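Read the structure below first, then the notes.
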C-alpha cells in the first residue's frame, strides 16, 4: 500500500506527491477556470484595442470632414473690381461664393446646378452641382463668363446662358513660357534658349553654346519630375522672367559641372522589373555649389546684356528668381552669401546690366530667409525691409536709390511675421505680428497697421485668437480667419481702416464632433531647462479619457529652426494628433528654444546646436506630468518626420532613460549627408566638428529603447542614405531596432495608411504594452486633390 502524505505528514525531500482523483479533478477545473478567465481578459483587451483603432481612424482628416466644417476662407480677389470669390468645402459638398465688400453682398458665384448640367452635356460625364470638377476659376469677359480646367483641358462657360465649350489651345505649351502679351514663347532645346513668335511661328535662337550641365534657362531638376517622366532628362518650363511690357526677359546660365550628386534607386518602377537609377544634383555641406550667371535679353533690339555681377551660388535644386519693376526697366533679386550669413537686395538696370545694392543685411551667425521679407514703394523709391538686428524681427524703411536707412518702423519685444499690404498714399503698412498682446499665447498672430514713420500703431483683429488675413488690393477691407486650438473660429470681413466688422462670412461647425466625448487639446505653459524662458505646448487626450487612470505619453516632435510647429488654429489641432491619442495615449507637442516666433536669442539657441534642444522637451513633459497625475512620465514615446525624425531618434539616444519608444520617418540623421543650404544655415558654415558630434550615426551605440526607422526609396528631400548609414551604425553597435524601407515613397509618409497603422501598432505594442489588433486596415475618406467626385 502506498502512503498518501497529508499536510501534516513529513515527506522525503524529492519524493513525488500522490494526488487523490478528487483533488486532481479540482486542479483541472481550477486550471480550466483560470484559462477561461485569461482568454476572456485577452479577448476583452483585443476588443478594446480594436475599438480604440476604430475611434482613432474616425479622427483622421478625411473622416473628420464629414463631421465638422472649418471656417477658413481663401479669397481670390477680382482685378479692378474689389470683389472676391472663395471655395467653400462644406460637410455636404462644395460651392463657390462671390462677395462684394462695397455693396456688402454675398451669394453663389454662379448657378451651380446649371453649370453642372452644361458640363454634363458637353463633357459627356456626370457632374454634380456640389462636386464640380475644378477648384479654381477666372472671371472673363467682364464677368460674363468663367474659365477653368478639368483634367488638363481648358473650358469656358457663359454664365448668362450657361453654354460651355473647350477653350482654344494656349500659345505656349506645357514646357514653354509665354510673354505677357502672348506674342513670344520661350523654350529650351538641347540646352539653348529659343523664342517663337506666336503670330507667324518664326523661331529666334537666343544662345548657341549651351551644353549638358552648363545650360541656359534650365533649373536644377529634382527627383520627383524624373520619377514622373521616367527619365533623367526631364522636360521643364524654362526659367524665363518676362518684363511686364514683353520687351525683355531675364534668365540665367546654370553651371552644375562640378556640383555634388546623389544617385537614387527606384526599386519598384512602373512597367519594368529592374530598378531604375536617377542621378540628381545634391550639394552636401562644404561641397562645391552650382553657379548661375544672370542674363538679360532685349527681344525688340535682339540684344544680350550680361548682368555685371559675380556668379550666384545655388545651394539646392531649382535656381535664382528675378522680378521686374512695373516700368519694365529695372530688375531686382536677392543674393545670399553662403551659409546665409548675409543678403543683398540688388536692383539691375536692364539696359546696361549695371547693378546696385538697395539693402544689405549681415550677421555673424545667419540671416534667416524665413524671417526676411520686403516690399518696394515705387512712388517714393523706398524699400520696407524686415530684420532681427535689434533682437526682434521688425520693419525698417530704406531709401532705395542711396541704400540709406530712413527709420525703424516697428519696435518692441514682439515679432513682425508678414507684410500684408502697403497703402502708399496714406503711407501706412499692414502687417501680421505675434507676441505683442498681453495675456495671450505669444505665437498668436494679429493684423496691425502703422504709419511708415513709426507712429499710430493700430491692432485690427480684436479676438483673442490666431488670425490669418488677406487684404483687398485697394486696402478697403480684409478677410480675417480666426480660431484657437480650443476655439472653433470664424471668418469675418473687416474694414481695414479700424478693424470693424462688415459681415461674418463663415463659422466653424463642430457640433457633431462636440456631441461625442471629444475635448479640444489643452494649452500648457511651462519653463525651459534654464528655468526662466517661457515655453508653450499642447496636450491631447483620448475621447475615452478617465482622469483616474495613468496614460503613457507620446510626443510628436519637429525641432527644425525654420518655424514653430505647435498648432495655433482649431483646424490644425483637431485634424492632427487626436487620432494617436484615441489609441490610449496622452499626446503632446512643445516648441522649445531654437525655433522661430520669438526673439532672435530664442531662435539662435539651435545654431550649431540642432541636437541640443531636447532638454527643453524633457523638462516640459516632466512639468506636465507633475501637474497632471494621469500622465505617466515613466512611459514616454516620441515620433517625427524629417528633422523631426532626426529629433525622435536623437532624443532616444541622448535621453535613453526618458524616451522608451520612437518612430523616425524620413530622418536626416547625419547633417554631413544632407542638403547644403539647410544645414549650412542652421548647423553652421564652415562645416565644423559639431556636424559629426550631433549626428545620430556617431552615437548609435547609446540606443536602449524600441526604435522604428522608416524611409522611402525615392525620398527627394532627404536621401535614404542617411537612414542606411544610421542602420549600419546601429548594427555595428549590436543594437536591436526595426526598419521599413518603403518602395515609391517620397519624403514623409504622405498619407500612407499602412505606415500609419504600423506606427500605431508600434506604440501600442511597446509603450501601451498590449497587442495591437491583427492586420487592422485603416480607412480614410479623402477628398480628391482636385475636388472631383470619385
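In this note's numbering, the protein residues as written are 498 to 1287.
All C-beta atoms, glycine included, are put in the ideal place defined by N, C-alpha and C.
Keep in mind it's a predicted model, so treat the numbers as computed, not measured.
Name the residue from the options whose alpha carbon lies nearest to the alpha carbon of residue i.
i            : options                   : result
residue 1033 : 938, 1012 and 1068        : 938
residue 1036 : 1011, 942, 743 and 1070   : 1070
residue 567  : 684, 979 and 852          : 979
residue 1055 : 982, 1111 and 577         : 1111
residue 635  : 584, 658, 1229 and 1122   : 584
residue 559  : 577, 588, 579 and 1157    : 588
residue 878  : 824, 913 and 1074         : 824
residue 605  : 592, 616, 794 and 598     : 592
residue 463  : 1204, 1249, 1241 and 1097 : This structure gives no information on residue 463, because the portion of the chain shown stretches from 498 to 1287.
residue 732  : 686, 867 and 763          : 686
residue 1021 : 759, 1114, 986 and 1082   : 1114
residue 1136 : 1215, 1028 and 1252       : 1252
residue 657  : 645, 640 and 664          : 640
residue 691  : 736, 653 and 649          : 736
residue 600  : 806, 614 and 581          : 581
residue 676  : 699, 754, 743 and 647     : 743
residue 1151 : 1198, 1140 and 1128       : 1198
residue 888  : 904, 912 and 882          : 912
residue 598  : 970, 1009 and 1192        : 970
residue 968  : 989, 961 and 683          : 989
residue 688  : 709, 678, 701 and 698     : 709
residue 741  : 1128, 826 and 1116        : 826
Could you give the residue range of the alpha helix (DSSP H) that holds residue i?
i            : result
residue 560  : 558–561
residue 665  : Unbroken run through residue 665: none, as it is neither H nor E.
residue 1076 : 1075–1078
residue 618  : 609–620
residue 1271 : Per DSSP, residue 1271 belongs to no alpha helix (DSSP H) and is neither H nor E.
residue 605  : Segment 602–605 is the beta strand (DSSP E) holding residue 605; no alpha helix (DSSP H) there.
Check whether the Cβ of residue i lies closer than 9 angstroms to any Cβ atom in chain D.
i           : result
residue 615 : The structure shown contains no chain D; it holds only a single protein chain.
For residue i, which residues of its own chain have a beta-carbon under 7 angstroms away from its beta-carbon, when the five flanking residues on both sides are left out?
i            : result
residue 1213 : 719, 720, 721, 1243 and 1244
residue 841  : 832, 854 and 857
residue 1079 : 549, 552, 553, 556, 1039 and 1040
residue 561  : 1071 and 1072
residue 1229 : none
residue 816  : 716, 717, 736, 749, 751 and 789
residue 904  : 894, 950 and 951
Write down the C-beta distance between residue i and residue j rounded to the nearest angstrom, noting that I regard them as a contact closer than 8 angstroms.
i            : j            : result
residue 1194 : residue 1226 : 5 angstroms
residue 975  : residue 991  : 6 angstroms
residue 917  : residue 944  : 6 angstroms
residue 946  : residue 966  : Their Cβ separation, rounded to whole angstroms, is 11 angstroms, which puts residue 946 and residue 966 out of contact at 8 angstroms.
residue 1288 : residue 915  : Look at the range of the chain in this structure, 498 to 1287, and you will see that residue 1288 is not part of it.
residue 789  : residue 829  : With a Cβ gap of about 16 angstroms, residue 789 and residue 829 do not count as contacting.
residue 626  : residue 610  : 5 angstroms
residue 1258 : residue 1269 : 4 angstroms
residue 822  : residue 791  : Between residue 791 and residue 822 the Cβ distance is about 16 angstroms, and since that is not below 8 angstroms, they are no contact.
residue 869  : residue 883  : 6 angstroms
Along the chain, where does the beta strand (DSSP E) containing residue i start, and where does it finish?
i            : result
residue 964  : 963–968
residue 1067 : First-last for residue 1067: 1067–1072, but that is the alpha helix (DSSP H), not the beta strand (DSSP E).
residue 985  : 984–992
residue 930  : 925–931
residue 573  : 573–575
residue 1000 : 998–1004
residue 592  : 590–597
residue 1262 : Segment: none, residue 1262 is in no beta strand (DSSP E) and carries neither H nor E.
residue 725  : That residue, residue 725, is in no beta strand (DSSP E); its alpha helix (DSSP H) goes 720–726.
Just to confirm my understanding: we take residue i, look at its own chain, exclude 5 residues before and 5 after, and list those with CB closer than 8 angstroms. What are they?
i            : result
residue 1173 : 780, 781, 782, 783, 784, 786, 812 and 813
residue 996  : 944, 955, 956, 957, 958 and 959
residue 1170 : 781, 1216, 1218, 1219 and 1222
residue 1119 : 1130
Compute the minimum distance between the beta carbon of residue i and the heavy atoms of the ligand HEM, and state whether it is under 8 angstroms.
i           : result
residue 751 : For the ligand HEM, the structure offers nothing, since it holds no ligand at all.
For residue i, which residues in the same chain have their Cβ closer than 6 angstroms to its Cβ, ignoring the five residues on either side in sequence?
i            : result
residue 1256 : 1160
residue 774  : 760 and 762
residue 1156 : 1133, 1135, 1148 and 1149
residue 1207 : 1162 and 1237
residue 563  : 588
Only counting runs of 3 or more residues, tell me where the beta strand (DSSP E) segments fall wholly within the segment 1180–1256, in order along the chain.
1203–1209 and 1235–1239
Tell me the start and end of each unbroken beta strand (DSSP E) in the segment 732–772 that is at least 3 residues and wholly inside, in chain order.
745–752 and 758–763
What are the start and end residues of each continuous beta strand (DSSP E) run of 3 or more residues lying completely inside the segment 1014–1061, in chain order?
1019–1024, 1031–1037 and 1048–1053
Minimum length 3: unbroken beta strand (DSSP E) runs contained in the segment 833–895:
839–846, 852–859, 871–874 and 879–884
Write down every uninterrupted run of the alpha helix (DSSP H) in the segment 1083–1140 whose length is 4 residues or greater and which is fully enclosed by it, in chain order.
1097–1100 and 1111–1124
Whole beta strand (DSSP E) elements within the segment 675–699, 3-residue minimum:
681–686 and 689–694
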